[in-house]
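Visitor: Structure provided below as structure tokens; questions to follow.
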Amino acid sequence: MSSSSPTSRRPAFRVGTGFDVHAFTEGDFVTMAGLRIPHSKGILAHSDGDVVIHALCDALLGALALGDIGRHFPPSDERWRGADSRQFLRHARSLMQEQGYTLGNADITVICEAPKVGPHVQAMREVLAEDLGVDIGQISVKATTTEKLGFCGRGEGIAAEAAVLIERL
């Protein structure tokens, strides 16, 4: 189906997945879902290194067949140095709306040994729901560890994965 197909011929539902990872560096907080979470380390990244939002953006862009976050906000572009990733998420939302879709639901998993995600889950869900213009019940955020295996287990970095279902308006 070409991109010029009528809206009525677009699929009623589309699915996307996303994954992001960043190494830890010196610092005293990490940004997750737009929130500054106290931590003994910071994130090494071009933007704010928000793995939650980056994975979610990739999932949304993938569902729309619009590439990945790096295509829309290249790390080689100095405009995005230290950027607040919430603007990336709002951009993905606008692209979704332009194509005639809305978010059905999003399921995000943060992968790290520390910091503890649980105490921040509700606030994360609130921020993401606000930026996406949806009910908080459409956003799931949870966490897991790698049982001290791999780079996350050794405390070298943090990762997140996201899955989304979008539906035609």
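Reading the sequence shown from the start, the letters are residues 1 to 169 in full-length UniProt numbering. Glycine included, C-beta positions come from ideal geometry on N, C-alpha and C.
1) Pull up the distance between the alpha-carbon of Ala33 and that of Gln99, whole angstroms please.
2) Since His54 contacts Ile69 with CB under 8 Å, what's their CB separation in whole angstroms?
3) Is it the case that the stretch 56-75 contacts the stretch 9-21, given that we only count it when at least three CB pairs across the two stretches are under 8 Å?
4) Check whether the stretch 103-121 touches the stretch 74-91, counting contact only when three or more Cβ pairs, one atom from each stretch, lie closer than 8 Å.
5) For Ala129, which option in Phe29, Lys41 and Arg90 has the closest C-alpha, if you only look at C-alpha atoms?
6) Would you kindly work out how many angstroms separate the C-alpha atoms of Lys41 and His22, rounded to a whole number?
7) For Met124 versus Leu35, is the C-beta spacing smaller than 8 Å?
8) Excluding the 5 residues preceding and the 5 following Val121 in the sequence, name in chain order all residues of the same chain whose CB lies nearer than 6 Å to its CB.
9) Please state whether DSSP places Phe88 in a helix, a strand or coil.
10) Work out the CA separation of Leu56 and Thr102 for me, nearest whole Å.
11) Using the C-alpha atoms, what's the distance from Thr144 back to residue 238?
12) Below 8 Å CB to CB, which residues in the same chain sit around Thr31 once its five sequence neighbours on both sides are set aside?
13) Give the straight-line distance between the Cα atoms of Met1 and Ala12, rounded to the nearest whole angstrom.
Guide: Judging by the given coordinates:
1) Numbered from 1 along the sequence shown, position 33 holds the residue referred to as residue 33. Numbered from 1 along the sequence shown, position 99 holds the residue referred to as residue 99. The straight-line gap separating the alpha-carbon atoms of Ala33 and Gln99 is approximately 24 Å.
2) In the sequence shown, counting from the first residue as 1, residue 54 sits at position 54. In the sequence shown, counting from the first residue as 1, residue 69 sits at position 69. Contact flag correct, Cβ pair sits at about 6 Å.
3) Three or more Cβ pairs drawn from the stretch 9-21 and the stretch 56-75 lie within less than 8 Å of each other, which places the two stretches in contact.
4) Cβ pair count under 8 Å is below three, so no.
5) Looking up residue 129 in the sequence shown gives position 129. Checking every option, the nearest Cα to that of Ala129 belongs to Arg90.
6) Working through the sequence shown from its first residue, we reach residue 41 at position 41. Working through the sequence shown from its first residue, we reach residue 22 at position 22. Looking at the two C-alpha atoms, the distance is approximately 12 Å.
7) Position 124 of the sequence shown holds residue 124. Position 35 of the sequence shown holds residue 35. A Cβ-Cβ contact shorter than 8 Å links Met124 with Leu35.
8) Here residue 121 refers to the residue found at position 121 of the sequence shown. These residues qualify, in order along the chain: Val141.
9) Residue 88 sits at position 88 when you count from the first residue of the sequence shown. The three-state reading of DSSP puts Phe88 in helix, counting H, G and I together.
10) Within the sequence shown, numbered from 1, the residue matching residue 102 stands at position 102. Within the sequence shown, numbered from 1, the residue matching residue 56 stands at position 56. Looking at the backbone, the Cα of Thr102 and that of Leu56 are separated by about 14 Å.
11) There is simply no residue 238 to check, as the chain begins at 1 and stops at 169 in what is shown.
12) As a first step, residue 31 is located in the sequence shown; it is residue number 31 there, counting from the start. Counting only residues of its own chain and dropping the five nearest sequence neighbours on each side, Thr31 has a CB closer than 8 Å to the CB of Ile37, Ile43, Asp48, Gly49, Asp50 and Ser85.
13) The residue you call residue 1 lines up with position 1 of the sequence shown. The residue you call residue 12 lines up with position 12 of the sequence shown. With a pLDDT of 46 at Met1, under the threshold of 50, the predicted position of this residue should be treated as unreliable, though the coordinate-derived value follows. The alpha-carbon separation between Met1 and Ala12 amounts to approximately 14 Å.
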